[in-house]
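Take a look at the structure below.
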Amino acid sequence: MSEKSMFDRNKQYALCPFHEVTRIINGKVYIITRHFVGSKDAGEVISQLALSKALSETLKK
19 MSEKSMFDRN KQYALCPFHE VTRIINGKVY IITRHFVGSK DAGEVISQLA LSKALSETLK
79 K
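Heads up: the sequence shown begins at 19 in my numbering, then just goes up one per residue.
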């Protein structure tokens with residue numbers, strides 16, 4: 019299994035929508051870029067997160 023370089027990934031996802039935000043944290047400027055490269059079922063993702071959280075809280079006790 020070969021890992022793609024950052025350059026290869028940028029080229030692959032160049033046409034995908036993205037969102038960029040600039041944040042200043044402790045005097046340093048950070049640019050946060052989110053790339054939207056696929057689709058997910060929001061209901062399924064929320065269900066998985068809820069189940070995971072419930073299991074972790076139950077198993078802690």
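All residues carry an ideal CB built from backbone N, CA and C; glycine is no exception.
Taken atom to atom, the span from the alpha-carbon of ALA60 to that of ILE50 is near 22 Å.
The Cβ-Cβ distance between PHE54 and PHE36 falls below 9 Å.
Between GLU21 and ARG27, the alpha-carbon positions lie close to 10 Å from each other. In the three-state DSSP reduction, LYS22 falls in the coil class, being neither helix nor strand. Counting along the chain, LYS71 sits inside no beta strand (DSSP E); it lies in the alpha helix (DSSP H) bounded by residues 60-78.
Distance from the CA atom of TYR48 to the CA atom of THR40, rounded to whole angstroms, is 6 Å.
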